[in-house]
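Asker: Right, I'll just put the structure down here and ask away after.
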Ligand SMILES: Nc1ncnc2c1ncn2[C@@H]1O[C@H](COP(=O)(O)OP(=O)(O)OP(=O)(O)O)[C@@H](O)[C@H]1O
Ligand SMILES: [Mg+2]
């Protein structure tokens, strides 16, 4: 049922020798959610996914998929999950269709339904016309989409996507993100790992922030930014401002700070969505003429910085620079 826990991770530990790759991580993903694991290289995202997909046993703790323990009930748990690995897992010399036939048989999809299922998936990932093309003639983005189709071949309830947009151009990235949203809208629960803040913000209902094996915080973007006390800043430029507007704004509960400098007004608030129309209305009623309004919403970057003391953008990979210019906020 939508909204019920479908992934339950409790005190999960994964050690490789001395190295603690996943360090007592707990989280719950509810049916119908897109849940993001956000963290830099080495945070433990892939290791968490590997344990949840029964590829490697946990050192300690438990993980359940649809109530099925991944260690004690791994076969049944696995049947609920589709996995789209970080590395493309396709045979380059086979066609798209033959790759999907291979994965379908691996997952035990009955032969009588396999062809139909493959047609359906090729159309979902918008590659029906390329069904007979060899994978080694496909672009990076097309390979990724076939990789996603392969993960869906056995109609899983939950899809794990491990950094599916690394190394692809912004336009293809957008088509993958839209595909994930569409799949989710049709009922699929998604666990999505990324080190891109914008993706986590665009896609995920809730986000778990990971670093060095630890889960540092979990919540919606609004919950996470509120939890660190971050406020939205509204900058208004208008003719005819006076200090009565400052006094009025200061008296409002959601406003944490107001400053006026001539025609410029800066308001810090915890509830921008409710406040903006009220401010504009009040200014108009007082005869002020508004020239511009600029809203700066705190983002997950502020949260990551606050929790770890470092920037998620300091990764030095080329995509970080590209996404920076596309950043929605801040
Ligand atoms: N099979 C393994 N043997 C030994 N160490 C491992 C193994 N797999 C992962 N690790 C280590 O565990 C830590 C977490 O790695 P993991 O791949 O889970 O990180 P990640 O968050 O997926 O990073 P990335 O964004 O680079 O994919 C790293 O220090 C890594 O070197
Ligand atoms: Mg990884």
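In the numbering used here, the protein residues as written are 822 to 1151. Built from N, CA and C at the ideal position, the CB exists for glycine as well.
Could you check the C-alpha separation between residue 1088 and residue 992 for me, to the nearest Å?
Answerer: Rounded to the nearest angstrom, the two C-alpha atoms are 36 Å apart.
Asker: Can you round the beta-carbon distance between residue 1016 and residue 851 to whole angstroms, since I take them to be within the 8 Å contact cut?
Answerer: Not really, about 24 Å apart at Cβ, beyond 8 Å.
Asker: Classify residue 1131 as buried or exposed, calling it buried when 16 or more other Cβ atoms lie within 10 Å of its own Cβ.
Answerer: When all chains shown are included, residue 1131 counts as exposed.
Asker: Span of the beta strand (DSSP E) holding residue 898?
Answerer: Taken as a continuous stretch (DSSP letters only), residue 898 belongs to no beta strand (DSSP E), being part of the alpha helix (DSSP H) at 895-900.
Asker: Suppose the cutoff is 6 Å on Cβ atoms and the five residues either side in sequence are ignored; what does the same chain contact list for residue 1119 look like?
Answerer: Closer than 6 Å at the Cβ level, and outside the excluded window around residue 1119, lie 1046 and 1051.
Asker: Assuming residue 994 and residue 856 form a contact by the criterion Cβ under 8 Å, report the distance between their Cβ atoms to the nearest whole angstrom.
Answerer: That belief does not hold up - the Cβ atoms of residue 994 and residue 856 are roughly 19 Å apart, past 8 Å.
Asker: Closer than 8 Å by C-beta to residue 853: which residues in its own chain qualify, once you throw out the five before and the five after it? Chain order, please.
Answerer: Once the five neighbours on either side are set aside, the close Cβ partners of residue 853 are 823, 824, 1005, 1008 and 1010.
Asker: Which value, in whole angstroms, describes the spacing of the CA atoms of residue 901 and residue 1095?
Answerer: Going by the C-alpha atoms only, they are around 41 Å apart.
Asker: By how many angstroms is the C-alpha of residue 1042 removed from the C-alpha of residue 1061?
Answerer: Rounded to whole angstroms, residue 1061 to residue 1042 spans 36 Å at the Cα level.
Asker: At a threshold of 6 Å, does residue 986 count as lining ligand 2 (C-beta to nearest heavy atom)?
Answerer: No, Cβ of residue 986 sits at least 6 Å from all heavy atoms of ligand 2.
Asker: Report the partner residues of residue 867 according to the DSSP bridge assignment.
Answerer: DSSP output for residue 867 lists no bridge partner at all.
Asker: Could you tell me which whole beta strand (DSSP E) segments of length 3 or greater appear in the segment 890-945?
Answerer: Those beta strand (DSSP E) runs which fall completely within the segment 890-945 and span 3+ residues are 902-905.
Asker: For residue 984, count neighbouring C-beta atoms within 10 Å of its own C-beta (all shown protein chains included) and say buried if the count is 16 or more, exposed if not.
Answerer: Buried.
Asker: I'd like the list of long-range same chain contacts for residue 1133, defined as Cβ closer than 7 Å, with 5 residues on each side in sequence excluded.
Answerer: Closer than 7 Å at Cβ, skipping near neighbours: 861, 1016, 1018, 1122 and 1125.
Asker: Quick check on residue 1030: does DSSP put it in helix, strand or coil?
Answerer: Reduced to three states, the DSSP call for residue 1030 is strand.
Asker: Alpha carbon to alpha carbon, what distance is there between residue 1098 and residue 1082?
Answerer: Between residue 1082 and residue 1098, the C-alpha separation is close to 21 Å.
Asker: In whole angstroms, what separates the C-alpha of residue 845 from that of residue 882?
Answerer: In a straight line, the C-alpha of residue 845 is about 7 Å away from that of residue 882.
Asker: Tell me whether residue 831 sits in a helix, a strand or coil according to DSSP, three-state version.
Answerer: Three-state result, residue 831: strand.
Asker: Under three-state DSSP, which class holds residue 1052?
Answerer: Reduced to three states, the DSSP call for residue 1052 is coil.
Asker: Report yes if the CB atom of residue 1168 is closer than 7 Å to the CB atom of residue 928, and no otherwise.
Answerer: Outside the displayed range of the chain (822 to 1151) lies residue 1168, so it cannot be described from this structure.
Asker: Does residue 974 come out as helix, strand or coil in the three-state DSSP assignment?
Answerer: If DSSP states are grouped into helix, strand and coil, residue 974 belongs with coil.
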